[in-house]
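Presented below is the structure to which this report refers.
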Amino acid sequence: MSLAGFEVEVQREVDGALATEDMTLSMGPQHPSTHGVLRFVVRADGEVMKEAIPDIGYLHRSIEKIAEKVGWHGFIPYTDRVDYVAAMFCNHGWAMAVEKLAGIEVPRRAEYCRVIADELCRIHSHLLSVGSMAMDIGAFTPFTHAIREREYLNDLFEELCGARLTFHYMRIGGVGWDLPPGWAEKVRRFLDRFEPIIEEYDRLISYNKIYAERLANVAVITPEEAIDYNLVGPNLRGSGVRYDVRRDDPYSVYPELEFDVPVGRGEMGTVGDCFDRYIVRMREMQQSCRIIRQCLDRLPDGPVIAKVPRNLKPPPGDCYVRIESARGDMGWYVVSDGTAFPHRCKIRTGSFAAISIIPKVSRNLMIADLIAVIASLDLVAPEIDR
Amino acid sequence: MQAFVDGLIARGAVPAGVPVWAVYLGAMLVFGGIVVFGFVLPIAGITTWVERRIMGRMQSRIGPNRTGPIGFLQWLADGIKNLLKEDIVPKAADAPLFKLAPYIVMTGFVGTFAALPFSSALIVADLNVGILYVTAVTALVVVGILMAGWASNNKWSLLGGVRSAAQIVSYEIPAGLSIFPIVLLTGSLSMQTIIARQGWAPWAWNLFENPFTFLAFFVFFISALAEGNRTPFDLPEAESELVAGFATEYSGMRNLLFFMAEWGNLYVIGAIATTLFLGGWRIPWALDDAPVLRAVLELATFFAKAYTVGVLLPIWLRWTLPRIRVDQMMTMCWKYLVPLAFVNLLGTAAWMVAFPAGVPAVRAALVVLVAGLALAFLWRVRFHVRNARLTRRHLSFNPLSTARVPW
Amino acid sequence: MGLGAYLRNIKDAVVTIADGLAVTASHMIRKPYTVEYPDRLPEGIRVQDTLPFRYRGMLEVDLEICTACLACERACPIDCIVIEATKDKAAGGLVMTRFDIDMAKCMYCGLCSEPCPTGAIHHTPEFEGADYSLESLVRRFVKAPVVAYKPKKTGEVDPAIKPILDRGLRYVSEFAKSEAGGDDA
Chain H
-18 MSLAGFEVEV QREVDGALAT EDMTLSMGPQ HPSTHGVLRF VVRADGEVMK EAIPDIGYLH
42 RSIEKIAEKV GWHGFIPYTD RVDYVAAMFC NHGWAMAVEK LAGIEVPRRA EYCRVIADEL
102 CRIHSHLLSV GSMAMDIGAF TPFTHAIRER EYLNDLFEEL CGARLTFHYM RIGGVGWDLP
162 PGWAEKVRRF LDRFEPIIEE YDRLISYNKI YAERLANVAV ITPEEAIDYN LVGPNLRGSG
222 VRYDVRRDDP YSVYPELEFD VPVGRGEMGT VGDCFDRYIV RMREMQQSCR IIRQCLDRLP
282 DGPVIAKVPR NLKPPPGDCY VRIESARGDM GWYVVSDGTA FPHRCKIRTG SFAAISIIPK
342 VSRNLMIADL IAVIASLDLV APEIDR
Chain S
2 MQAFVDGLIA RGAVPAGVPV WAVYLGAMLV FGGIVVFGFV LPIAGITTWV ERRIMGRMQS
62 RIGPNRTGPI GFLQWLADGI KNLLKEDIVP KAADAPLFKL APYIVMTGFV GTFAALPFSS
122 ALIVADLNVG ILYVTAVTAL VVVGILMAGW ASNNKWSLLG GVRSAAQIVS YEIPAGLSIF
182 PIVLLTGSLS MQTIIARQGW APWAWNLFEN PFTFLAFFVF FISALAEGNR TPFDLPEAES
242 ELVAGFATEY SGMRNLLFFM AEWGNLYVIG AIATTLFLGG WRIPWALDDA PVLRAVLELA
302 TFFAKAYTVG VLLPIWLRWT LPRIRVDQMM TMCWKYLVPL AFVNLLGTAA WMVAFPAGVP
362 AVRAALVVLV AGLALAFLWR VRFHVRNARL TRRHLSFNPL STARVPW
Chain P
1045 MGLGAYLRNI KDAVVTIADG LAVTASHMIR KPYTVEYPDR LPEGIRVQDT LPFRYRGMLE
1105 VDLEICTACL ACERACPIDC IVIEATKDKA AGGLVMTRFD IDMAKCMYCG LCSEPCPTGA
1165 IHHTPEFEGA DYSLESLVRR FVKAPVVAYK PKKTGEVDPA IKPILDRGLR YVSEFAKSEA
1225 GGDDA
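Residue numbers (this note's numbering), protein chains in the order written: chain H, -18 to 367; chain S, 2 to 408; chain P, 1045 to 1229.
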């Protein structure tokens, strides 16, 4: 049968005198727990799925095309919207790409400000991810606790750059604003408060037997599969592959910072199951706290932006930069033709690859497990569709 | 109630010529109406308010606090809103079944109130098969939910309805099996007899009679949660997965009937648990010469126990725990609860043979154990508060507090 | 599954669930975090006043200090600012007849406020912009033709304009300045 352009092959079996038929469900664009506007066409035999085919494009906004219209500086607010859950990384990626094209050197203080903003944003994004994962599994309270912590971060970001979601903090050549007076103290106070909260969260939900049973051994992705399907970030590290762009292809001031790269170890089940991906995110938040403290201690003085002409015209050429976003390796391929407008901008996002593994991984899972898989892969629709 | 009506007839309060069965029927309708509209519906409504305020505090926020002084009229506002909503019956839905389903679910729920003992005198019908009647009537809910799931003509509703049927039917077994030890101990199915066997003091409750009835309480409680579709067993209406499960296509009052049945069912669970395990309405004093005072005290005791165990505890569990998956739910029922329930049944029978009068030392030991566990739990709560580096100014023991935590 | 694993499952379940219940119970005795906005705030406090100075709320233009340089119109990526200014020798400079900002299009990025020389266009902490029609969201700042401001080299002395200019310059000074100063991004 055809469902919005899909040819879904429905199997009809005759078992004795009883003819059975697969059920085709549309986990439609409007659903409480697809993260954003996604759609899955699910072919199921009762509760057990035979296939779950993703249908994307509901949130396509032609952002890459818009880059060609608004110019190098004007595109930075649009990069916020590429992944609005972790907007700092998108700003940073674009800024890095243009700086590489134009040969602009970023001052040291600006690099440190960028890393602090990045890591705070990583905590911001992971909180939402683990919170909504808990909510999808059925526990509503951890979600509100995560949102409560996010509110503190929102206040911090508000003071830093004036916005709570679409930060527009980075500029080409540095950052838009220096750290306000007293902000570093507030960040330290937040971190002092936040680190025990992660432990409390662990006790509330992470090691809860029901939660662990829901996630353990579900959708095991082996390291080879993860690499084949191009998974990145916590999805890849959850499968045991210790690969982090901050470590293996460092940018900014990460070579000077000390942090661990958490990897899934099959704590509750097998390596590479949903629980591992979830727990990697929790541990990454703890490592981010560590990084932020180091940056605040080492913050040098100086300007926070380089001298960049308003009418920027990078020399013709192309470049590809990678940044470790909350969702993994985010790649920015930017082509310049020497004018004030980019010729082409292509964004490679982690969620796009992650959604491609769902048909494979969801065979013989139950529908409830599909929800867990989607949440554990941390898909966000804006990143998939751009 | 029958004694009361007989008394009325004897005193000539009933016009002559009216057959007795008609008087009984009239009395049943009147009492039923009083119980339903005066108690059951307000309980179901107020429970929503209680739940939302408690859930709010657990989630570091306030619950409803605008409609009425402490948001107390929120449930009335919700009820009125639902009445005024458009009643949508999907075109392709099976209209008679679709419309009938909420009524069957409500019947299954309201019917239990006829046998619940609110005090020694306040019981609509002290059936000699009391507890069996209650268990049987609550099973009607399965029929209603299946009908709702099927008649909605919606695959998601169907999934929810079928899941629910599997769940409720499966968990009837451990629920029933854990009722049997109490019935064995008492020797009767009648609710008032079961309560009469217990005393007012905690150590005189059936809960601490022997270790097997102690475990039977937990088996019963978990099974009753599952039958009431409460988290962690709320798969049929799993909000994140199936939108609203079997109740997806229902709007307005029909939807409200389903959820009133769910919230009111919590009270029924509490009432049954209190009757069977927690000593019912027993109070320390006989108070034969002050029947009104006695009725009030007994009602208060019964209500307090039933509400704590049946409403507050499930609310607490609901907002802490995630949801179990379908196959895990079945595993838990058949591989964990049913064997445990059988062990309890056989153990109680053996205990009754070995110690016909019970063992006071074991009772005392169980009471001390529970008290110790409660203290350990409070110590753990204190640990969490200190671990989150909270000081006195972050805490408020007022459950209705709206004071904001300092940054 | 052996008996050991079976009993361990039960024990794990009971212990972790009890710990989770202890966490939620500890939350029951904590104060909530809710700010009861907008009608139950402490006396005299508006949420808008508690927002930081950099907050990017709705745009506001102080026409008293606007030099009609059109830098904001050029900088806006979404073309939501429309300014019409003509040279008028008689009035002594540029005369602005139109300064419209379409708030429905504005994405609150701040790119307009960065290049402003005086800080005339700036974000305010105002965020309550909901209205019933799309047309009402176009904010027309010029009611009658107004002469553009000319910044004075020796500093502003007019007491009506100085506070506005000070605030505007303070707003613009928050933005990052490169070492060499001058034409920043």
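Note that beta-carbon positions come from the ideal geometry of N, C-alpha and C, so glycine has one too.
Start-to-end residues for the beta strand (DSSP E) that takes in residue i
i: E305(H); result: G298 to S306
i: A0(H); result: L(-1) to E2
i: A33(H); result: V29 to D36
i: M311(H); result: G309 to S317
i: F21(H); result: R20 to D26
i: L1103(P); result: L1103 to V1105
i: E1128(P); result: I1125 to D1132
i: L1138(P); result: G1137 to D1146
i: R325(H); result: P323 to R329
i: V1182(P); result: V1182 to R1184
i: I1165(P); result: I1165 to H1167
Bounding residues of the alpha helix (DSSP H) (the contiguous stretch that carries residue i)
i: V261(H); result: C255 to R279
i: F1(S); result: The first residue shown for chain S is 2 and the last is 408, placing residue 1(S) beyond what the model contains.
i: A83(H); result: A68 to A83
i: E205(H); result: P204 to D209
i: P215(H); result: P215 to G219
i: P363(H); result: A362 to D366
i: P97(S); result: A96 to V111
Straight-line gap, residue i to residue j (C-alpha atoms, nearest Å)
i: A93(H); j: M151(H); result: Per the sequence shown, residue 93(H) should be read as Tyr rather than Ala. So the two alpha carbons sit approximately 12 Å from each other.
i: I55(S); j: Q75(S); result: 14 Å
i: I1(S); j: S189(S); result: Beyond the ends of chain S as shown, which are 2 and 408, falls residue 1(S); an answer cannot be given.
i: R394(S); j: E130(H); result: 19 Å
i: G143(H); j: P1096(P); result: 7 Å
i: D1202(P); j: L277(H); result: 43 Å
i: I178(H); j: S187(H); result: 13 Å
i: R89(H); j: I304(H); result: 18 Å
i: L401(S); j: E1108(P); result: 51 Å
i: A78(S); j: G271(S); result: 26 Å
i: I10(S); j: G80(S); result: 39 Å
i: Y301(H); j: H324(H); result: 14 Å
i: D117(H); j: R1052(P); result: 27 Å
i: A205(S); j: G39(S); result: 32 Å
i: P1221(P); j: L1103(P); result: For the record, residue 1221(P) in the displayed sequence is Lys; it is not Pro. If you take the alpha carbons of K1221(P) and L1103(P), they lie about 22 Å apart.
i: A176(S); j: W286(S); result: 32 Å
i: S171(S); j: L298(S); result: 37 Å
i: M8(H); j: R20(H); result: 6 Å
i: S(-17)(H); j: L1178(P); result: No answer about S(-17)(H) holds up, because its pLDDT of 46 lies below 50 and its placement is not dependable.
i: K50(H); j: V18(H); result: 26 Å
Reference residue i; option with closest CA among the options
i: H105(H); options: G38(H), V66(H) and P177(H); result: V66(H)
i: P182(S); options: N211(S), P203(S), T321(S) and F110(S); result: N211(S)
i: Y1215(P); options: E1158(P), A1204(P) and L1178(P); result: E1158(P)
i: V327(S); options: W151(S), F234(S) and S121(S); result: F234(S)
i: F304(S); options: F209(S), L267(S), F398(S) and E263(S); result: L267(S)
i: F247(S); options: G161(S), A225(S), G177(S) and I325(S); result: G161(S)
Minimum Cβ-Cβ distance from residue i to chain A less than 8 Å
i: K336(S); result: The question asks about chain A, but that chain is absent: this structure's protein chains are H, S and P.
Check your understanding: Closer than 9 Å, Cβ to any Cβ of chain P: which residues of the stretch 126 to 137 of chain H, in chain order?
Key -> H126, R129, E132 and D136
Check your understanding: In the stretch 170 to 191 of chain H, which residues sit with their C-beta less than 9 Å from some C-beta in chain S, listed in chain order?
Key -> R170, D173, R174, P177, I178, E180, E181, R184, L185, I186, N189 and I191
Review point. If contact means a Cβ-Cβ distance below 8 Å, which residues of the stretch 309 to 330 of chain S contact chain P?
Key: W317, L318, W320, T321 and L322
**Study point:** chain P contacts made by the stretch 138 to 165 of chain H, where a contact means CB separation under 8 Å
**Key:** E139, E140, L141, C142, G143, A144, T147, H149, R152, I153, G154, G155, V156, G157, W158, D159 and P161
Review point. Can at least three beta-carbon pairs, one atom from the stretch 253 to 268 of chain H and one from the stretch 8 to 27 of chain S, be found at a separation below 8 Å?
Key: no
Practice item. Report yes or no: do three or more beta-carbon pairs, one from the stretch 95 to 111 of chain H and one from the stretch 262 to 278 of chain H, lie closer than 8 Å? Key: yes
**Study point:** Segment contact, 8 Å Cβ cut-off, at least three pairs: the stretch 136 to 148 of chain H with the stretch 85 to 103 of chain H
**Key:** yes
Practice item. For the stretch 1063 to 1088 of chain P, enumerate the residues whose C-beta is nearer than 8 Å to any C-beta of chain S, in chain order. Key: D1063, G1064, L1065, A1066, V1067, T1068, A1069, S1070, H1071, M1072, I1073, R1074, K1075, P1076, Y1077, T1078, V1079, E1080 and R1084
Practice item. Taking a Cβ distance cut-off of 9 Å, strictly less, list which residues of the stretch 1087 to 1112 of chain P are near chain H, in chain order. Key: L1095, P1096, F1097, R1098, Y1099, R1100 and G1101
Review point. Does the stretch 55 to 72 of chain S come within contact of the stretch 140 to 158 of chain S, defined as at least 3 CB pairs closer than 8 Å?
Key: no
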